[in-house]
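Following numbering that gives the first Met the number 0, the numbering of the sequence shown begins with 0 at its first residue and continues without gaps.
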Amino acid sequence: MLDAKSLLDQFLGQAGQAKRSIDGLGGTGGLAVGGLLGLLLANKKARKMAGNVAVYGGAAALGLLAWRAYRNWQDGQNPASGPVAQPGDMPQVAPKYLPSAAPAADGNPFELALVRAMISAAKADGHLDATEQQRVFAEIERMALDAEAKSTVFAMLANPVRLEEIVASAGNEEQAAELYLASRLAIDPDQPAEREYLSLLATRLHLPPDLRAHLDAQVEAALTQKTA
């Protein structure tokens, strides 16, 4: 049986375990990435930033970022200056924010929906073409994933994922926020196609614009700032 939580951890990176060199992948020796997520990102800057996500502890990172964004939003904080999520905040995170709290709306593990969302987002700018997919396939083949996990990732990479599928997997607002967060982590939104994808996703997920601003702010902080 596929361990969806473990697969999500592999994408986001477990604290202290997921950072790895990507020599030969267009980077430089010792460039750290956050698990499989780093392989999907299009440029060296984005891959390096993804490495910072690893310190938040794999799948728990999405729950932590969602919780902090909701707290700031409900407290009327300014997204640009509100408190930033820190790994030490984890004990305060309500269980409902964790990816494992409830299955997706279709009954499958929600962690799997988050992986699907990241892969779909990574394809949004068009850089993940057939050649790029083969590069990612080769790297995944060398990773310590079991056969079922590899097969699942390969299928997601090879087959189109409709936005409607991602949106339909959200069973509540917390899950909608985490699907957006996972997608935002997989995109360095410096191109119109990427920004348009995220905007459409947020609209389809019915995320209030000001809540989305807080979610974006937490991702930016996670990717670029040092944690306490």
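Here a beta-carbon is modelled for each residue, glycine too, at the ideal position from N, C-alpha and C. Values in this document were obtained by computation on a predicted structure and should not be read as measured data.
The alpha helix (DSSP H) enclosing D8, as first and last residue numbers: Membership of D8 in the alpha helix (DSSP H) is indicated by the continuous run A3 to L11.
Rounded C-alpha distance that separates L7 from V152: The alpha-carbon separation between L7 and V152 amounts to approximately 11 Å.
3 or more residues per run - each beta strand (DSSP E) lying fully within the stretch 177–215: DSSP runs (the beta strand (DSSP E)) wholly in the stretch 177–215: none.
For L11 and L210, the rounded distance between their alpha carbons: Approximately 22 Å, taken between the alpha carbons.
For G37, three-class secondary structure by DSSP: The DSSP-derived three-state label of G37 is helix.
As assigned by DSSP and simplified to three states, the class of V135: Helix, per DSSP.
A221, buried or exposed, once every other Cβ within 10 Å from all chains shown has been counted against 16: Taking all protein chains shown into account, A221 has 16 or more neighbouring C-beta atoms within 10 Å of its C-beta and is therefore buried.
Stretch-stretch touch, CB-based, cutoff 8 Å, three pairs: the stretch 202–218 with the stretch 173–181: Touching, yes.
Between the CA atoms of Y69 and V135 - distance to the nearest angstrom: The alpha-carbon atoms of V135 and Y69 are separated by roughly 34 Å.
Supposed contact pair P108 and A100 - C-beta distance, whole angstroms, cut 8 Å: The pair is not a contact, with the Cβ atoms about 11 Å apart (cut-off 8 Å).
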